[in-house]
Amino acid sequence: MSYLVGALAGACFPWEWSGWLLGILIGCMAILVGRVRSVHRQSIWLLVGTYLTVATVPRIPRLDLEKCYAGPLWILDAQRAVDPWGGLWRVRLAWPLGSRVEGVWHMMPFRSETFPGGFSAQKVWGNLGLQGEAHWREKGEVDSLHLGGAERWRAAWHARIAGLGWSLRAQQLVHALFLGESRALGPELKRPLQSLGLAHVLAISGFHIGLLWGVAAFLGRWSSYAQRRRLTWLVGLGVWGFVAFIGFPTSAVRAATMATIAGMMRRRSGRPHAMAALGTAVWAMLYIRPDWVWEVGFQLSVAAVAALLWVPPARGGRWGKAIQLTCVAQWGVLPLTLWYFHQFPGAFLPANLLITPCLLAIYPYTLAMLGAASLGWKAPFPEWALDALISLSGWGLKEGIYPTHVTMAALLASTMVGLWAWGKGYKVLTFVAALATGAFMYQSIPVPTSGHMAFRRGRGIASIQWCGDSARVVATPGLAKQSFVWEVEAPSFWKARGVRHVQLTECPYRQFPESWRAWASADTGSGWWWDPPR
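Sequential numbering from 1040 applies to the sequence shown in our numbering.
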């Protein structure tokens, strides 16, 4: 079996012979693992299997030059489309999932980061298996007849919610909570949820899957053994049907896989080990989709669940358990949130304890209103609650945190030590680790510095100088008028250096030094030059 699994895993390599070599390697590892005590055997298998699965991620070809393509693309989700040859492309327009869109497409490669340390579409989208961006230049036919049954059910759900007569923002919030369609949520609601640390409420994850399994466990108390087995199978099918209905999001697939594996383990050996179920679920998911390992949502989901399983629940009352669960989950994902989003929601504890129950109350209220609407009675949505939520936008949020690689390693180490000590009951060590994590976090807040950099974009040149909290930018007229560069792409560069005030002035192209003009003419893409000659 180990040889077979190894050969299948190695088949992901672009060379045929490497699959057999990997199969032999796993077979030899199986002999060595067989000599280890059974207590640690499963952990070793999970580590080796996860590593080898991630190592077999094939290299996705990326587009280097722009090209045109005339033909159809099939829409997979809100941001991805597939061509007839199986290549994945990022799309920006909204079409129904499963639609076949004809036309002339302008295929463009992903742009690298504009400023040092800024957003890089090449790193973010390229790691997800996408080859480039597809822009619909000459419009053709859009055939929505290829919609599957799940898409028709979702369209019917949208129609039922629209029939309640609620506002557009209320409908968007309901769709985000029930179907995980958080991308359609307006910025006026998405911003306060993210700043309060409540973005996880909008992700279909373990909460929704746990509700279904909880209902099965509750009904199983009054059922026989045979009935419980049938009920488990029915709930398992219902869970995966719900995951298919909402479009197979990563968090829901992870939760459903873990619940399924835990149910299988329970049938074989009674009460399964929670961490073993999580590890097996992660291995199974990466075996099917190895590129998920680079998704931020996958990393946050696994980190939060692993932290919750690592620390046993408190023995106090409900409030004590709720406080512990909130703090443990936030601590577990803190290094990743600082690395990817550069912010810390300081009000996460009161927000999760007070606002989350109010958001969860929308589920029964919406279902009740749908039932009442079928009888001809309608009730309004509590818009005052949305206004109160919007007023809390940015409350307690600490932005502009940019940890270095060394600080990131220290954050990971202090987080793991703190969670381990918390699980073992070492209160002093837990407190020290929490203080260390906070110190490393505040050490990542940039302090005002000084520096000089030359920047190019296309044929434009800019001289960027900063000192303290102020910066002066002298750019060619064409580059100075590109508001997207200075208002969207540059703010992260300023925040990382503690700059708050920026002065932008124009300067003719010929007044820049000859070496600068030669450097800018060498490439039309974005680039920078540290400490250029004056």
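Cβ coordinates follow ideal geometry from the N, Cα and C atoms, glycine included. All figures in this text were calculated on a predicted structure; none of them were measured in a lab.
Nonlocal neighbours in the same chain, by C-beta distance under 7 Å from residue i, ignoring five residues either side
i, result
"Pro1516", "Glu1545"
"Ala1295", "Ile1248, Val1278, Trp1279 and Val1282"
"Met1447", "Pro1374 and Trp1378"
"Ile1285", "Leu1218, Gly1219, Ile1243 and Ala1291"
"Gly1566", "Arg1495"
"Ala1238", "Leu1232"
"Ile1484", "Gly1439 and Ile1440"
"Pro1572", "Pro1552 and Ser1554"
"Ala1575", "Absent from the model: residue 1575. The displayed extent of the chain is 1040 to 1573, so no value can be given."
"Trp1056", "Its pLDDT being 48, under 50, Trp1056 is placed unreliably by the model, and the measurement read from it follows with that caveat. There are no such residues."
"Trp1568", "Met1492, Ala1493 and Trp1558"
"Gly1564", "none"
Supposed close pair residue i, residue j - CB separation, criterion 8 Å
i, j, result
"Lys1417", "Ala1411", "7 Å"
"Met1324", "Arg1293", "6 Å"
"Phe1479", "Ala1449", "5 Å"
"Ser1432", "Ser1151", "At roughly 32 Å, the Cβ-Cβ gap does not stay under 8 Å, so Ser1432 and Ser1151 are not in contact."
"Leu1398", "Val1240", "5 Å"
"Pro1384", "Gly1439", "14 Å between Cβ atoms; not a contact."
"Thr1271", "Glu1528", "No, Thr1271 and Glu1528 are not in contact; Cβ-Cβ is about 51 Å, not under 8 Å."
"Phe1420", "Ile1500", "About 53 Å separates the two Cβ atoms, so there is no contact after all."
"Gly1171", "Met1147", "6 Å"
"Leu1224", "Gln1211", "5 Å"
"Gly1510", "Val1538", "Per the sequence shown, the amino acid found at residue 1510 is Ala instead of Gly. About 5 Å; that satisfies the 8 Å criterion."
"Ala1368", "Ala1346", "6 Å"
First and last residue of the uninterrupted alpha helix (DSSP H) at residue i
i, result
"Arg1227", "For clarity, residue 1227 is Glu in the given sequence; the question names Arg instead. Pro1226 to Ser1234 is the span of the alpha helix (DSSP H), which, as asked, contains Glu1227."
"Lys1466", "Lys1466 to Gln1482"
"Phe1217", "Leu1207 to Leu1218"
"Gln1369", "Arg1357 to Tyr1379"
"Val1456", "His1444 to Lys1463"
"Ile1285", "No alpha helix (DSSP H) contains Ile1285, which DSSP labels as neither H nor E."
"Lys1417", "Note, Lys1417: premise wrong, no alpha helix (DSSP H); not H, not E."
"Glu1553", "Glu1553 to Ser1560"
"Phe1532", "Pro1530 to Lys1534"
"Gly1204", "Run containing Gly1204: none; DSSP gives neither H nor E here."
"Gly1032", "Since the first and last residues shown for the chain are 1040 and 1573, residue 1032 lies out of range."
"Val1341", "Val1335 to Trp1349"
Bridge-paired residues (DSSP) for residue i
i, result
"Gly1566", "Arg1495"
"Val1513", "Ser1502 and Thr1544"
"Phe1523", "Phe1523 pairs with nothing; no bridge assigned."
"Thr1488", "Gly1507"
"Met1147", "Glu1172"
"Val1121", "Trp1113 and Leu1127"
"Glu1438", "Gln1382"
"Cys1107", "His1145"
Neighbourhood of residue i by C-beta distance below 8 Å, restricted to the same chain and skipping five residues each side
i, result
"Val1121", "Leu1112, Trp1113, Leu1115, Leu1127 and Trp1128"
"Trp1192", "Phe1284"
"Thr1395", "Leu1237 and Val1240"
"Leu1104", "Pro1148"
"Trp1020", "The structure shown does not extend to residue 1020, since the chain is modelled only from 1040 to 1573, so the question has no answer here."
Beta-carbon contacts of residue i that lie in its chain and below 6 Å, excluding the five residues immediately before and after
i, result
"Thr1488", "Arg1536"
"His1491", "Gln1504 and Asp1570"
"Gly1457", "Thr1469, Ala1472 and Ala1473"
"Ala1320", "Thr1296, Met1297 and Ile1300"
"His1214", "Glu1220"
"Lys1360", "Pro1352 and Ala1353"
"Val1130", "Ala1120 and Ala1173"
"Val1512", "Ala1501, Ile1503 and Leu1543"
"Ile1200", "Gln1210 and Val1213"
"Leu1518", "Arg1496, Gly1499 and Ala1501"
"Ala1386", "Leu1235, Trp1434 and Gly1435"
"Lys1534", "Gly1439"
"Gly1507", "Pro1487"
"Asn1391", "Thr1365"
"Glu1227", "Ile1429"
"Ala1475", "Ser1453"
C-beta neighbour in chain C for residue i, strict 8 Å
i, result
"Glu1422", "In the structure shown, chain C does not exist; there is a single protein chain."
Residue i: CB within 7 Å of a non-hydrogen atom of the ligand ATP
i, result
"Arg1129", "Ligands are entirely absent from the displayed structure, and the ligand ATP is therefore not among its contents."
Counting beta carbon pairs with one atom in the region 1139-1146 and one in the region 1202-1217, are three or more of them shorter than 8 Å? Judged by Cβ distances under 8 Å, the region 1202-1217 makes no contact with the region 1139-1146, as fewer than three pairs qualify.
Taking contact to mean at least 3 C-beta pairs separated by less than 8 Å, is the region 1451-1465 in contact with the region 1552-1561? Cβ pair count under 8 Å is below three, so no.
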